[in-house]
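Chains as they are written, first to last, in this note's numbering: chain A, 552 to 798; chain B, 792 to 1098; chain C, 135 to 473. Scroll down for the structure; my scribbles are underneath it.
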Amino acid sequence: MALFEARGLHKRFGHQVVLERIDLSFEAGSLSGIMGPNGAGKTTCFNVLTGRYKPDRGSVRFDGEDITGLAPHRIVGRGISRSFQIMNLFDEYTALDNVVIALPQVRARGFSVTHALDADTEARDRAEAVLGRVGLRGRERTNVRSLSYGERRALEIGVALATEPRLLFVDEPTAGLGTSATGRLAELIRELKRHTTIVMIEHDMRFLFALADRISVIHWGQVIAEGTPDELRENPWVRRSNLGGLA
Amino acid sequence: MLLHLLPHILNGLALGLLFALLALGFMLIIGVMEVINLAHGSLFALGAYVALAVMSPDGGLPFAFMEPYYALPAVARYAIALVVGPLVVAVVGMGLELCLRRTYGTDPLYGLLLTFGAALVLEEVIRAIWGSSEYFLPVPRGISGGFIAGDLIWSTYRIYAAAFAAVMIGVLWLFLNKTPYGAVIKAGAHDSEMVRALGYNLTRLRLLVFGFGAALAGVAGIVMAPIWGIRPVVGVDAVIPAFVIIVLGGVGSFWGAVSAGILVGLVVALTAAFFTDWSLLSMYLLLLAVVTFRARGLAGKSSVLEA
Amino acid sequence: MDYDVKQTTAWITAPILLSFAVFGTLPLWIEAVGLYHYLGAEVLIWVIFALGYNLLLGYTGLPSFGHGAFLGIGAYAFGLAQFEVWPNLWFCLLAAVVVTGLFGAVTALFLSHRRGIYFALMTIAFGQVFFFIASKWTDVTHGEDGLLNIARLPVDLGVVALPVTGNVEFYYLCFAVYAVLVVLLWRLTNSPYGRILRAIKQNETRVAFVGYPVRLYKWSVFTLSCAVAGLAGGLFAMAQEGAYINVMSLQWSGIIVLMVLIGGGFVSFWGPVLGVVLYFVARDILGAYTETWLLWFGLMFVALVMFKPQGLAGIWQDIARRAVARRKPVPVAATGAEG
Chain A
552 MALFEARGLH KRFGHQVVLE RIDLSFEAGS LSGIMGPNGA GKTTCFNVLT
602 GRYKPDRGSV RFDGEDITGL APHRIVGRGI SRSFQIMNLF DEYTALDNVV
652 IALPQVRARG FSVTHALDAD TEARDRAEAV LGRVGLRGRE RTNVRSLSYG
702 ERRALEIGVA LATEPRLLFV DEPTAGLGTS ATGRLAELIR ELKRHTTIVM
752 IEHDMRFLFA LADRISVIHW GQVIAEGTPD ELRENPWVRR SNLGGLA
Chain B
792 MLLHLLPHIL NGLALGLLFA LLALGFMLII GVMEVINLAH GSLFALGAYV
842 ALAVMSPDGG LPFAFMEPYY ALPAVARYAI ALVVGPLVVA VVGMGLELCL
892 RRTYGTDPLY GLLLTFGAAL VLEEVIRAIW GSSEYFLPVP RGISGGFIAG
942 DLIWSTYRIY AAAFAAVMIG VLWLFLNKTP YGAVIKAGAH DSEMVRALGY
992 NLTRLRLLVF GFGAALAGVA GIVMAPIWGI RPVVGVDAVI PAFVIIVLGG
1042 VGSFWGAVSA GILVGLVVAL TAAFFTDWSL LSMYLLLLAV VTFRARGLAG
1092 KSSVLEA
Chain C
135 MDYDVKQTTA WITAPILLSF AVFGTLPLWI EAVGLYHYLG AEVLIWVIFA
185 LGYNLLLGYT GLPSFGHGAF LGIGAYAFGL AQFEVWPNLW FCLLAAVVVT
235 GLFGAVTALF LSHRRGIYFA LMTIAFGQVF FFIASKWTDV THGEDGLLNI
285 ARLPVDLGVV ALPVTGNVEF YYLCFAVYAV LVVLLWRLTN SPYGRILRAI
335 KQNETRVAFV GYPVRLYKWS VFTLSCAVAG LAGGLFAMAQ EGAYINVMSL
385 QWSGIIVLMV LIGGGFVSFW GPVLGVVLYF VARDILGAYT ETWLLWFGLM
435 FVALVMFKPQ GLAGIWQDIA RRAVARRKPV PVAATGAEG
C-alpha cells in the first residue's frame, strides 16, 4: 500500500469544478511529480492534499490512516509538510528564526510561557543543520528581507523541512530561479530524496523528468496521464503539448 | 394585522434602497482598490451635515451673513444641497485615497487602521464644527409630512426616499453598463492590473472611483438624514449595513447588493415596528449572524475580505 | 517592523525597573509638575488595559475595535460582585477578571478563525451589542445612570486591612497591580507562546502549516487580553467609584487603538505605555487650550499610520540605533550568495 493515497477527489469553487475524480498515490521513498498547464488544478490539488481545502468528495489516506478534511496543523502533526509556490515566510524574522519555529521540539512547547527559546542551543543547532542542508549556511542571522530571491526559495523549503516530515510536498520550487540556482536546487532535492518521500509540482520539465520516479499529468482538473518519465516521454498528449521542449 | 405593516415595509424599502446605494459605493471602492473603507459611514454622515449647512441657517455654521441665500425657497436650497453635499464628500473621499496610497502594498492591517483613524478623525471634525447634539434636516414641504390612505398613515418622505434611491441605483447601473467610463470602472474592479496594461491610468482611476463611491455615500447620507437624524455617531451605524450587504450579496454583484440591501432594510424596519429600541441593534446582530454563517465561500474577491 | 527579536530570558529588565522607578515615585513628584494624583491612577489603569490590548493588536495583529466594552464589563463585574456577593478587594478583582475573561472567551469563539476586516467589524458589532445591553439592562447596570457608589475596598492582607480611599493610597494599589502584571506580560511576550503570536501576525497560514493550532492561539490571546481588561476595569470602577457605560462606546474603543499605535505598540512592549501617557498629557495639557484636542490626537494617529506606523517607540529606537552606529562604525557586510 502506498504511503499516501488520494481517491476520487472532487472539488468545486462556486460553479467551477476544479478537481474531478483525482486518484493519486505516492510510494514511500519515491519522488513523484505533478505537472500540467497553468490553471489545471495542480495547486488546488496540493491544497486539498495538505488540508488547506476540504474536498467535496473523495478521501485522502496517509500511512493507512484517513486524513481527509483534517486541519492543516493536524496533517503536519502526522508527518506531512509543504512548501509554497508564492513564498510564505516570516518576513520580520531571521532565516534561523523562520526555521526554529517549525521544529517539532519547539512546537511541542508552543504554549510554554517560561521556556527560554533563545537559550535553547539544541533547537538552534537543529535549525542551523536544516539551514545547512538547504545551502543557507552563514546566512542564519540574516533577516529574510535581506536574503536574495534564491536564498528565500531555499529557506521556503527549509521551513517545510524543519518540521521533519516523512512526506514533503514541494510547490514549483524552481519558479524564478536562474540556471545555477536551479542546479543547486536539483542537488538539494536529490539529497532530500534519500530521507524523505517527496511530491513535487513543477513546470520545468527537464528538472522534473530528471528527478521524478513517477509523474502524474493533471489537465482540466483530471489526471490524464501517469507513469515514469520514460513512459511519459512517449505519451502522445505530453508530446503534443510540447511541454518544455523535451526532445 | 399584516396590512398595518405596509407603511413599515415602505420604510424598509426606503432604508434598503438607501443602504444599497451606500453599499454600491462601498463596493466600487473595494472593487478597484481592494480597500475596505471603514470611513465610508463617516462620509455618509458628512453628506448629511453638509446638506444641513446648505439647508439651514441654524445648521451649526456661522453663515448668518448669508441671509439672502437662506431666503431662497427650500426646494432650491435642497437641490443645491443634493449637488454640493456629494461634491464636498467626494473631495474628502479623494483626500482619503491620497492618504491611503502610502499603505498600498503593505500589510492590509495598516490600510484598515488608516481608514479606522480617518473615520474617527471625520467624526471629530464633525463634532468640532457642529457639536454633538442631534440636528434635523429641513426638507421641502412637498416631500415631507404624511398622508392617510387605506386607513394607514404613510410617510411622504419615505416614498420620495425610496423613489430617489431607486432612480439613483438605476442611473448608476446605466452608468456602469452603458458608458465607456463605467466599463473601465467595471474592468478595473475585475482586474486592475489588466486595466493598467490597457493603458489606463490606474492611479487616477482609483482616485476618481474613490471620490465617486464617496459621493454615493454622501447622497445616501443626505436622503437618509430625515429618517435617521443627524448625529456624529451615525457614521458607524452606516458602515455596518454596507458591510453586511456586500457579504450577503457577494462582492462584485450589483443586483446582489441591491437585493441584500432591501433585505437588510426590511429587517431593520420591521424590527423597528415591533421593538423600537432594537432596530439599530438588529443591524449589529445581523452582521454577527451573517459573518458567522455566510462569510465562507464568497464568489469573486474573497481574498480582499479574508486578508 | 517587529519587536526586538532577541528575546531575553530575564524576568526583570532595565526598562521594567525604570518604569518601577518612575511610576513608583510618581506621588512624590506629580504635583510638582502641575498635575494630580488621580491622574496617575488613571494612567496606570489605562496602561494595564493597553498592555493587555497590545497582545492582540501589536503582537498578534488582530484589530479589535470594540475592546472598550470589556473594560466596562470589568467595571460592572467588580461593582456587582461588591454589592451582591462579597465586598472583598481580592474577590471582586478576581470576579472582574473571570467574568470579563468569560465574555472574552465566548466572543473569541466567533472571532478566532478570522482576521483583518472581518475580525475588526465583528469586534465592532460585539462592542456595540455589549454597549447596548449595558445601557438597556437597567435592573443590573442601572443603564445610563451607571452603577454608583462602588467603594474603594481596603487591601485585606489578613492581619491588616489597608484603606485605599485616598488617591495616593489608591495609586499605590494600582501600582502594585501594574508591577506584577508588567512582569508577567513581559515574560509572556518573550516566551515561545509570544513568539508564535508574532509569527501569526506575520504569516498566519504558514504558522498553521508548520503545525500550530492557530485558532487556539487567537482564541487564547483574545481571552487573555479581555481578562486583563477586566482587571483594569475593576480598578477603574474603584477609581471612578462607579461603573458607567461610556467607556464601552465605540469612541473609547477607538481611543485605545490610537494610544497603542501612537505609542509604538507594533514595535515595542513599552509602546502602549508611551501612548497612554501621551494621551493623558494631551488631554490635560492640550485640553486646557482647545476642545478639539482629540481631533489632533486622531490626526497624529493617521499621520503615523501613513508615515511611521512604528509610532513613538519606533522613532525612539531609530534615534537609539543611529546613536549607537555613530559610536561604533560597522563594516559593510559582504553581499549574499548569488540567487
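Just so you know, even glycine gets a beta-carbon here, dropped at the ideal spot from N, CA and C.
Item, Value
"Starting from the beta carbon of residue 325 of chain C, find every residue of chain A whose beta carbon is closer than 7 Å, and list them in chain order.", "663, 664, 665 and 666"
"Excluding sequence positions up to five away, which residues of its chain have a Cβ less than 6 Å from the Cβ of residue 929 of chain B?", "846 and 847"
"Which of the residues in the stretch 337 to 363 of chain C, read from start to end, lie with their CB under 9 Å from any CB of chain A?", "337, 339, 340, 341, 342, 343, 344, 345, 346, 347, 348, 349, 350, 351 and 354"
"Indicate whether residue 618 of chain A and residue 611 of chain A have their beta-carbon atoms separated by less than 8 Å.", "yes"
"Would you check if the distance between the CB atom of residue 789 of chain B and the CB atom of residue 806 of chain B is smaller than 8 Å?", "The displayed coordinates of chain B run from 792 to 1098. Any statement about residue 789 of chain B would go beyond what the structure contains."
"Give the single residue among B:884, B:895, B:897 and B:925 whose Cα lies nearest to the Cα of residue 909 of chain B.", "B:884"
"Can you tell me which of the three DSSP states residue 150 of chain C falls into?", "helix"
"Starting from residue 915 of chain B, find everything on chain C with Cβ-Cβ shorter than 8 Å and list it in chain order.", "426, 428, 429 and 432"
"Give the range of the beta strand (DSSP E) segment to which residue 574 of chain A is assigned.", "567 to 577"
"Between which two residues does the beta strand (DSSP E) harbouring residue 631 of chain A extend?", "631 to 633"
"Given 8 Å as the limit, is there contact between the stretch 316 to 329 of chain C and the stretch 382 to 389 of chain C, that is, 3 or more CB pairs closer than that?", "no"
"Since residue 209 of chain C and residue 361 of chain C are thought to touch, with beta carbons under 8 Å apart, how far apart are those beta carbons, to the nearest angstrom?", "The Cβ separation is near 14 Å, so there is no contact."
"Using a Cβ cut-off of 8 Å (strictly closer), state whether residue 252 of chain C contacts chain D.", "No chain D is part of this structure, whose protein chains are labelled A, B and C."
"Tell me which residues share the same chain as residue 819 of chain B and place their Cβ nearer than 6 Å to its Cβ, disregarding the 5 neighbours each side in the sequence.", "1000 and 1004"
"By DSSP, does residue 237 of chain C sit in helix, in strand, or in coil?", "helix"
"Quick check on the DSSP output: the beta strand (DSSP E) that includes residue 720 of chain A runs from which residue to which?", "718 to 722"
"Measuring only the C-alpha atoms, how far is residue 430 of chain C from residue 396 of chain C?", "12 Å"
"Which term fits residue 326 of chain C, buried or exposed, when burial requires 16 or more other beta carbons within 10 angstroms of its beta carbon?", "buried"
"Between which two residues does the alpha helix (DSSP H) harbouring residue 918 of chain B extend?", "899 to 921"
"Taking the alpha helix (DSSP H) that residue 804 of chain B falls in, what are its first and last residues?", "797 to 824"
"If you drop the 5 nearest sequence neighbours on each side, which residues of the same chain put their C-beta closer than 6 Å to that of residue 638 of chain A?", "703 and 707"
"Go through its chain and collect everything with a Cβ distance to residue 913 of chain B's Cβ below 8 Å, but skip five positions before and after it.", "830, 833, 834, 836, 837, 883 and 1026"
"Report buried or exposed for residue 196 of chain C, applying the criterion of at least 16 other Cβ atoms within 10 angstroms of its Cβ.", "buried"
"Relative to the C-alpha of residue 162 of chain C, which candidate in C:306, C:410, C:144 and C:176 has its C-alpha closest?", "C:306"
"Residue 640 of chain A CB to nearest chain C CB: under 8 Å?", "yes"
"Taking residue 197 of chain C as the query, report the chain B residues whose CB atoms sit under 9 Å from its CB, ordered along the chain.", "900, 903, 904 and 907"
"Residues in the stretch 867 to 893 of chain B with C-beta within 8 Å of chain C's C-beta atoms, listed in sequence order?", "890 and 893"
"Residue 994 of chain B: buried (16+ other C-beta within 10 angstroms of its C-beta) or exposed?", "exposed"
"Residue 713 of chain A: which of A:688, A:660 and A:647 sits nearest, CA to CA?", "A:647"
"Give every residue of the same chain whose Cβ lies closer than 7 Å to the Cβ of residue 158 of chain C, excluding the five residues on either side of it in the sequence, and list them in chain order.", "309"
"Suppose contacts are defined by Cβ-Cβ distances below 8 Å. Is residue 597 of chain A in contact with residue 752 of chain A by that definition?", "yes"
"Whose C-alpha, out of C:366, C:367, C:363 and C:330, is nearest the C-alpha of residue 349 of chain C?", "C:330"
"Suppose the cutoff is 8 Å on Cβ atoms and the five residues either side in sequence are ignored; what does the same chain contact list for residue 342 of chain C look like?", "348"
"Exposed or buried, residue 379 of chain C, counting other C-beta atoms within 10 Å across all chains shown (16 or more means buried)?", "buried"
"Would you say residue 147 of chain C lies against chain A (beta-carbon separation less than 8 Å)?", "no"
"Just checking: is the beta-carbon of residue 1098 of chain B within a distance shorter than 8 Å of some beta-carbon in chain C?", "Bear in mind that the predicted position of residue 1098 of chain B carries a pLDDT of just 34, short of 50, making it too unreliable to give a figure here."
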